[in-house]
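Reading through the structure tokens given below for one structure.
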Amino acid sequence: MDNNQRQPESYTITVREGDTPGPSEVIISIFEGQISFHHAGRGNIIPPNDMVRETDDPPQRQEMQVALLKAAVEGDRKELERILQEELDQQVEAEKRAPEPRQEEEIRTPPRTSMLLQGVTSDLDGVLHIAARLGHVELVKKIAMWPGLVIDVEAKNRRGETPLHCAAATGNVAMIGLVMSIACREQRAKQLLREKKCDGETCLHEAVRSGNKLAVETLVEEDVNVFERGDPCVLVGMEDNEGVSPLYLATTLRQLDIVQFLTQKQRRLSYPDASYKGPGEKTALHAAVLLGKDLSKCLVQWKKGRLVSMADESWNTPLHLLASTEDTSIAKLLLKADECAGYHADKEGSLPIHVAAANGSLTIVELLAKKRPGCALACNNLGQTILHIAVQKRRYDVVNYVCSKHKLAGILNVRDSSGNTALHLAVEQGNQFIFCRLMRCPEVCLSFTNKEARTPLDIAQLKLPLGLSLSPAPRQWIMYHLVLAGGDYGTCRRDQFATVLAKPDREKESKSTGKSAGLVAVCAVLILTIAFAAPFTVTRMYSRSEDSAEYESLAWAIAYRIFMASDAFAFAFSAVATSCCTYAGFSFMDRRTRLFYLTTGGVSLRLAAVSIIVVFSSGVYVAVAPVDYLIPIAVCPFAALVIIPQLTPVFVMLLHAWSLLMRIGFLAWCRTMFCWLPRPSRYRVPGRYRGLRGSSLAVLFCVFLVCYLIFVCAFLSARNIIKGF
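In full-length UniProt numbering, the protein residues as written are 1 to 725.
Structural data, given as structure tokens:
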């Protein structure tokens with residue numbers, strides 16, 4: 001057949017049309033670029049648009065040869081040249097075997113496309129991706145200089161990365177310049193520069209993440225060169241899928257030199273400024289205020305301070321974020337740049353000073369209260385002041401600051417949207433230190449009611465813990481303190497109020513009483529056994545060393561008497577605890593009597609424990625001092641540390657007593673200290689909580705007596721050491 005005469009090419013495929021019950025054959029004819037479809041056996045032509053392909057998958061790219069992959073990874077130029085030369089020879093040989101074109105057709109030599117360079121790895125990485133990522137500049141240069149070779153410089157891997165992304169990620173300026181020269185040769189520089197990965201990041205994001213300022217400058221200069229007026233976007237203004245701009249990314253990575261470069265004006269005045277946006281409508285300044293003063297100063301000076309007042313999607317300004325820290329230097333910088341800084345509220349109506357109070361940033365609270373008058377008196381959407389927020393978040397330093405400033409006395413009794421004052425919230429929180437600090441202020445009213453018609457005293461009674469307690473709970477002290485200070489109940493019937501109170505489970509309480517009594521009794525018996533045996537052991541040592549001339553008899557005699565006295569205390573208290581807990585364990589006795597015995601046994605056990613510690617300290621002195629005086633001195637401080645936890649109820653008592661003294665005066669404090677209450681006040685206190693101070697004073701006296709005995713032992717040992725020198 002004559003080569004100049006072209007015949008149409010025909011292909012037969014089987015398709016299924018619409019609701020046709022069976023498949024039918026369709027003949028596809030291609031002649032001079034025209035495609036036509038015919039039913040087999042019919043003659044009608046089917047329009048191409050009516051043909052529906054069952055699959056629309058992208059064409060599969062061939063796998064990269066192992067030899068080429070090895071050459072790309074190792075950067076072997078000679079091996080790559082050999083591979084490309086073999087492919088070129090094969091293409092030339094194939095062209096020689098091809099039929100000669102007609103004489104009237106113009107002969108053109110199209111650029112060759114290397115099929116080997118089209119091969120990819122499992123991640124769809126091509127040779128350029130691998131070489132750019134590993135920094136093989138000479139290898140890429142060899143590919144670029146290969147004669148007549150078409151290079152797909154915009155090819156993407158599975159993550160959507162181009163070779164320029166890979167080069168920018170390493171910060172290799174030479175590789176970036178080489179890839180850009182290939183793109184300029186193919187007239188695709190602008191498209192390549194602004195290509196995005198699957199996550200929306202550009203090559204500039206990768207360069208910023210590498211931390212190489214020169215790489216960033218190279219990419220920006222290349223984008224400036226290809227910039228044209230009317231471009232919808234530029235490289236420095238492109239954001240990823242999360243809204244992160246290169247400037248924001250550089251700020252979060254503390255790349256100050258890159259931030260300074262991106263914020264400066266480029267050579268071409270028409271080139272737009274860099275985008276400062278971040279996720280959640282944040283700006284780069286939102287991130288900078290939390291990362292350092294130099295970054296913040298650079299961004300504040302840029303745009304003439306307009307970033308200071310910009311808010312994110314929650315209406316938080318940079319000062320809101322800074323208020324959660326203690327950095328006053330950056331805060332002063334923001335306040336100086338914008339006169340309105342400090343008065344912007346977020347969606348919850350909170351000013352920066354509210355945020356500072358919530359985070360306990362006292363220095364920021366003081367600075368804002370001084371530099372922005374009036375903001376310390378403002379309320380958020382819930383009607384809460386900085387005092388409400390500080391009490392809720394348990395920020396004692398802020399509460400103490402507000403209570404100590406006379407100019408802030410106006411917010412001490414402010415009620416929020418629920419009608420609660422700061423004292424209501426302090427009672428509900430149960431924080432001893434914050435409650436006592438508020439009580440020390442005479443301006444704090446004790447009888448304000450909230451929208452539920454409840455005073456702080458009502459809330460204190462509602463919050464009283466159920467069940468058993470061997471020592472006064474913090475909320476019990478709070479209620480007792482309010483009664484002694486003159487707090488009142490709300491205006492409601494007490495029988496109706498009693499229905500709101502939680503009722504203890506009597507059966508469960510009885511079982512708990514029995515178990516607790518058994519545990520206390522076991523501990524008391526152990527101390528009783530030790531206290532019974534200790535005198536007989538230590539007395540024999542004392543009698544053997546009594547006539548020794550090496551040791552001063554007076555010091556030994558005092559130490560021995562301390563040992564005997566503390567042992568007697570331990571024996572007596574443990575015996576009382578054992579007998580009381582035995583009675584408390586009897587279930588046939590009434591509830592009030594069992595609780596009394598259990599409480600008495602618990603207090604006696606605590607005193608017995610403290611006494612047995614003194615027995616140990618003084619016994620060590622009597623037994624070991626003849627050998628070494630240093631050991632008793634080392635033992636005494638550890639014994640004192642063990643006693644400190646036993647003083648916790650006493651410390652709480654002294655804290656409340658001091659607060660009452662500051663509020664009601666010395667004479668009234670003396671009456672309340674020893675429970676000399678007026679009759680009306682006495683009947684407002686629940687029976688189980690009366691006499692808290694009396695029991696605490698008794699514990700205080702016994703503990704201080706024991707500590708005094710320990711101190712005497714330590715003093716005697718130290719005196720003997722000094723006299724020995």
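Even glycine gets a Cβ: it sits at the ideal position worked out from N, Cα and C.
Beta bridge pairing from DSSP links Val-120 with Glu-63. DSSP places Thr-455 outside both helix and strand once states are collapsed to three, so it counts as coil.
Close CB contacts of Trp-315 within its chain, under the 6 angstroms cut and outside five residues either way in sequence, are with Asp-346, Lys-347 (chain order). In the three-state DSSP reduction, Thr-491 falls in the coil class, being neither helix nor strand.
In the structure shown, Lys-277 adopts extended strand secondary structure according to DSSP, grouped into three states. The C-alpha of Ala-426 is placed about 16 angstroms away from the C-alpha of Pro-465. In its chain, beyond the 5 residues on either side, Asn-450, Pro-456, Ile-459 have a beta carbon closer than 7 angstroms to the beta carbon of His-424.
Of the candidates Gly-75, Arg-188, Ile-182, Ile-613, the residue whose Cα lies closest to the Cα of Ala-144 is Ile-182. The C-alpha of Leu-438 is placed about 47 angstroms away from the C-alpha of Leu-630. Counting along the chain, Gly-177 sits inside the alpha helix (DSSP H) bounded by residues 173-185. With contacts defined by Cβ atoms closer than 8 angstroms, Val-398 and Ala-390 form a contacting pair. When beta bridges are read from the DSSP output, Thr-283 appears opposite Lys-277.
Glu-206 is the residue among Glu-206, Leu-149, Asp-199 whose C-alpha sits nearest the C-alpha of Leu-164. DSSP places Trp-477 inside the alpha helix (DSSP H), whose first and last residues are 474-485. For Leu-462, the closest C-alpha among the options Tyr-489, Phe-261, Leu-84, Ile-643 is that of Tyr-489. In the same chain as Gly-278, and ignoring 5 residues on each side of it, the C-beta atoms closer than 6 angstroms to its own belong to Val-244, Tyr-248, in chain order.
Residues of the same chain with a CB within less than 7 angstroms of the CB of Leu-335, apart from the 5 flanking positions on each side, are Ala-341, Gly-342, Lys-371 in chain order. Within the UniProt repeat "ANK" (199-231), the alpha helix (DSSP H) runs of at least 4 residues that lie entirely inside it are, in chain order, 203-210, 213-226.
Nearest in C-alpha terms to Asn-381, of all of Ala-67, Ala-557, Leu-351, is Leu-351. The beta carbon of His-344 lies closer than 6 angstroms to those of Thr-317 in the same chain, with the five residues before and after it left out. For Trp-302, there is no enclosing alpha helix (DSSP H), as DSSP marks it with neither H nor E.
Taking a cut-off of 8 angstroms on C-beta distances, the stretch 123-133 touches the stretch 164-173, as three or more cross pairs fall below it.
Within the same chain, Cβ atoms closer than 7 angstroms to the Cβ of Glu-242 are found at Pro-279, the five residues on either side in sequence being excluded. With respect to Leu-178, Lys-142 sits apart: the two C-beta atoms are not nearer than 8 angstroms.
Distance from the CA of Tyr-560 to the CA of Leu-528, rounded to the nearest whole angstrom, comes to 19 angstroms. Residue environment analysis places Leu-607 among the buried positions, since at least 16 neighbouring C-beta atoms fall within 10 angstroms of its C-beta. Note on the stretch 556-586: there is no whole beta strand (DSSP E) run with a minimum of 3 residues. Burial is judged here by how many other beta carbons sit within 10 angstroms of a residue's own beta carbon; Arg-395 has at least 16 and is buried.
For Ala-634, the number of other beta carbons within 10 angstroms of its own is below 16, and it is reported as exposed. Judged by their CB atoms, Met-175 and Thr-202 are not nearer to each other than the 8 angstroms cut-off. Taking a 10 Å sphere around the C-beta of Ser-516, we find 16 or more other C-beta atoms and assign the residue as buried. Around the Cβ of Thr-283, a 10 Å sphere holds 16 or more other Cβ atoms; the residue is buried. Nearest in C-alpha terms to Leu-262, of all of Ser-275, Leu-319, Ser-404, Ser-270, is Ser-275. Taking C-beta atoms as the reference points, Ala-71 and Glu-63 fail to come closer than 8 angstroms. Taking the C-beta atoms as reference points, Ser-604 is found no nearer than 8 angstroms to Ser-566.
CA-CA distance, Phe-569 to Gly-601, rounds to 14 angstroms.
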